[in-house]
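To start, the structure itself, in structure tokens.
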Amino acid sequence: MSAFNSFIFGNFERGILYKEFALAVMNPSLVQGNSMSRAELLTRILRTLHTSSPDIVASAILSEDGLMLASALPSGLDETRIGGMTATLLSLGSRAAHELERGQVQEIVVRGSEGYAAVMNASTGTLLLCLSSKSARLGVVFYEMRKTIDDLSNVL
7 MSAFNSFIFG NFERGILYKE FALAVMNPSL VQGNSMSRAE LLTRILRTLH
57 TSSPDIVASA ILSEDGLMLA SALPSGLDET RIGGMTATLL SLGSRAAHEL
107 ERGQVQEIVV RGSEGYAAVM NASTGTLLLC LSSKSARLGV VFYEMRKTID
157 DLSNVL
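The number in the working numbering is simply the position in the sequence shown, starting from 1, with 6 added.
Shown next as structure tokens:
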């Protein structure tokens, strides 16, 4: 899928998601029986994130203590371990930022030989984790993560 098509499709998906979410919040009785659960909405938001950037290969929404709320992770990864490691990254990053007098942590990035792992605060007590390819353009990944965090603010 081209970057243009990915951009258009991703924004189209976001529009549909907003409409469904607004309907469910504004008048739950209209969608009784057809309403999406919170977990389904979170999973849908992650799918939209994946369609918006081909560099993003996996993602998850977690509580800051590592509880998995929704994920789009490859089957070979253990969600419990990923949650624990993500919470640990945030804790260590926050402590380091404090000790080094760098203020609040905005994001944490781990660069490995096979790609990147990026963690951002999605809302109070909630994190967004994205795994991306080694050729990923981090500026684009961060931009898509911030757009996703805006989407999550309507759900969390």
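The beta-carbon is built from N, C-alpha and C at its ideal position, and this holds for glycine as well.
Taking C-alpha atoms, which residue in the options lies nearest to residue i?
i      : options                       : result
SER141 : LEU158, ASP71, SER59, ALA102  : SER59
SER97  : SER129, ILE67, VAL125, LEU137 : VAL125
GLY131 : ALA45, ASP71, ALA66, THR54    : ASP71
LEU75  : ILE51, ALA123, VAL111         : ILE51
In the DSSP assignment, the beta strand (DSSP E) including residue i goes from what residue to what residue?
i      : result
GLU113 : 113-118
THR132 : 132-139
VAL161 : From DSSP, VAL161 is part of no beta strand (DSSP E); its letter is neither H nor E.
To the nearest angstrom, how far is the alpha carbon of residue i from that of residue j?
i      : j      : result
GLU107 : SER100 : 10 Å
LEU158 : HIS104 : 27 Å
ASP156 : LEU133 : 13 Å
MET32  : GLY118 : Residue placement at MET32 cannot be trusted, given a pLDDT of 44 that sits under 50; what the coordinates show is reported in the next sentence. Distance between the alpha carbons of MET32 and GLY118 is about 44 Å.
ASN127 : ALA102 : 16 Å
ARG53  : ALA78  : 7 Å
LEU83  : ARG152 : 24 Å
GLY121 : SER43  : 32 Å
THR94  : ALA64  : 19 Å
GLY89  : THR57  : 23 Å
ILE114 : LEU47  : 25 Å
PRO80  : GLY109 : 34 Å
Could you give the first and the last residue of the continuous alpha helix (DSSP H) run that contains residue i?
i      : result
GLY145 : 144-158
SER97  : 85-105
LEU55  : 44-58
Excluding sequence positions up to five away, which residues of its chain have a Cβ less than 7 Å from the Cβ of residue i?
i      : result
ALA28  : Note that ALA28 has pLDDT 45, beneath the 50 cutoff, so the model's placement of it is unreliable and the number below is only indicative. The answer is none, since no qualifying residue turns up.
GLU150 : LEU55, SER58, SER59, ILE62
Looking at chain C, is there any beta carbon in it that lies within less than 8 Å of the beta carbon of residue i?
i      : result
GLY131 : The structure shown contains no chain C, having only a single protein chain.
Residues in the same chain with beta-carbon distance under 8 Å from residue i, minus the five sequence neighbours each way, listed in chain order, please.
i      : result
ASN61  : It should be pointed out that residue 61 corresponds to Asp in this sequence rather than to Asn. Taken in chain order, the residues that qualify are SER138, SER139, SER141, ALA142, ARG143, VAL146, VAL147.
VAL111 : LEU96, GLY99, SER100, ALA103, ASN127
CB residue i to CB residue j, shorter than 8 Å?
i     : j      : result
LEU55 : THR154 : yes
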